[in-house]
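Notes follow the structure.
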Amino acid sequence: MGIDVGNTATPQLVDINRDGLHDLLIGEKSATINYFKNIGTAASAFYSNLPDNDTLGGILLQSQGYVEGYTVPFFYDTAGTRRLAVSNMGGNVYFYDNIDGNLNGTFRLLDSLYNKPESSRIKFNVSVNGGDINGDGFVDLVLGQASGGLQLWYQYNPTAGVPALEEPAVSFIAFPNPARDEVRVSFNHLSGKGTEQLEVTDIAGRVLYRSRVNAEQMVISTTEWASGLYLLRLVSETASRSMKLRVQH
0 MGIDVGNTAT
10 PQLVDINRDG
20 LHDLLIGEKS
30 ATINYFKNIG
40 TAASAFYSNL
50 PDNDTLGGIL
60 LQSQGYVEGY
70 TVPFFYDTAG
80 TRRLAVSNMG
90 GNVYFYDNID
100 GNLNGTFRLL
110 DSLYNKPESS
120 RIKFNVSVNG
130 GDINGDGFVD
140 LVLGQASGGL
150 QLWYQYNPTA
160 GVPALEEPAV
170 SFIAFPNPAR
180 DEVRVSFNHL
190 SGKGTEQLEV
200 TDIAGRVLYR
210 SRVNAEQMVI
220 STTEWASGLY
230 LLRLVSETAS
240 RSMKLRVQH
């Protein structure tokens, strides 16, 4: 079929036009969603190499100051209504309805998971998907983060269609890794109370660095550390996270 929407394609198979066949929806770097209607059969799907609609729902989720958006679509049904969740590089997820019978029109924006300050704490690209995780008959959401972590959002009100937050645990990412003279540590979901603590130990368990975390990012000098492996450990009131760091001089 030779389908190519450009860089960073994020596909989903879903019967969006309710004809009993799986259509193809693809998010991409340019911040839009492409719709390819299934013109084959249930046993043998077939799609044109050009989208039936290259800006489905009129959605264009470019991040501020960028021409890119890296959209990831997830269509789902809740309380008998088709909904669309779209994540993007800005770290947010947007919800739309007014989809059925309106595939050539503009979808209605309902809500987002985060307000702008919250979204900025997630940072980088977010990928959304979902399903009935806890077996209660409602569609829950799973968010993948650039740092490698996952968030789970349970839906408790199907008429709202926007799942309720399962409180995300504090997380962090360290870069560059391997590090040479310094390592930069970026944190997500800090409590704001200053109760989190970051600790760095060598492979023998000796503590080389320990500090309260009072900002969303910190820089640690590694110039006096020998080349080798180290363990970064972040401890909060409710969780503990760790990752390995390699230092190479």
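Here the sequence shown stands for residues 0 to 248, where the numbers follow numbering that gives the first Met the number 0. Every residue, glycine too, gets a C-beta built ideally from N, C-alpha and C.
- Rounded to the nearest whole angstrom, the CA to CA distance from ASP51 to ASN16 is 12 Å.
- Between LEU112 and ASN91, the CB-CB gap stays under 8 Å.
- Beta-bridge annotation (DSSP): TYR95 is paired with LEU83 and LEU108.
- Beta-bridge partners of ASP139 (DSSP): GLY130.
- MET88 is the residue among THR40, ILE98, MET88 and VAL182 whose C-alpha sits nearest the C-alpha of GLN63.
- At a Cβ-Cβ threshold of 8 Å, PHE174 and GLU215 do not count as neighbours.
- Taking THR7 as the centre and dropping the five residues before and after it, the same chain places the C-beta of GLU27, LYS28 and TYR69 closer than 7 Å to its C-beta, in chain order.
- In the structure shown, LEU102 falls within a coil segment according to DSSP collapsed to helix, strand and coil.
- Taking each of SER86, ASN103, VAL169 and ASP110 in turn and checking the Cα distance to GLY129, the smallest one comes out for SER86.
- Within its own chain, the residues whose Cβ lies closer than 7 Å to the Cβ of LEU189, once the five positions on either side in sequence are excluded, are VAL169, GLU195, VAL212 and GLU215, listed in chain order.
- In this structure, the alpha-carbon of ASP131 lies about 16 Å from that of THR80.
- Taking PHE45 as the centre and dropping the five residues before and after it, the same chain places the C-beta of ILE38 and GLY39 closer than 6 Å to its C-beta, in chain order.
- Burial is judged here by how many other beta carbons sit within 10 angstroms of a residue's own beta carbon; TYR93 has at least 16 and is buried.
- Around the Cβ of PRO72, a 10 Å sphere holds 16 or more other Cβ atoms; the residue is buried.
- Secondary structure note for TYR229: its beta strand (DSSP E) is the uninterrupted segment 227-234.
- Non-local beta-carbon contacts of ILE202 in its own chain, meaning distances under 8 Å to residues more than five positions away in sequence, involve GLY227, LEU228, TYR229 and LEU230 in chain order.
- Straight-line spacing of the CA atoms in VAL218 and ASP180 works out to 10 Å.
- Distance check between SER241 and each of GLY191, GLY193, VAL184 and ALA225 places VAL184 closest, using alpha-carbon atoms only.
- Partner residues in the beta bridge of GLN150, as assigned by DSSP, are LEU142.
- Between VAL138 and TYR75, the CB-CB gap stays under 8 Å.
- Here LEU140 is not near VAL125, since their CB atoms are 8 Å or more apart.
- For ASN33, the enclosing beta strand (DSSP E) has its first and last residue at 32-35.
- For a cut-off of 8 Å, the C-beta gap from ALA30 to GLN61 is around 4 Å, short enough to register as a contact.
- Of all alpha-carbon atoms in ILE58, LEU109, SER235 and ILE25, the one lying nearest the alpha-carbon of LEU49 is that of ILE25.
- The C-beta separation of GLY56 from THR9 comes to about 15 Å, leaving the pair out of contact by the 8 Å criterion.
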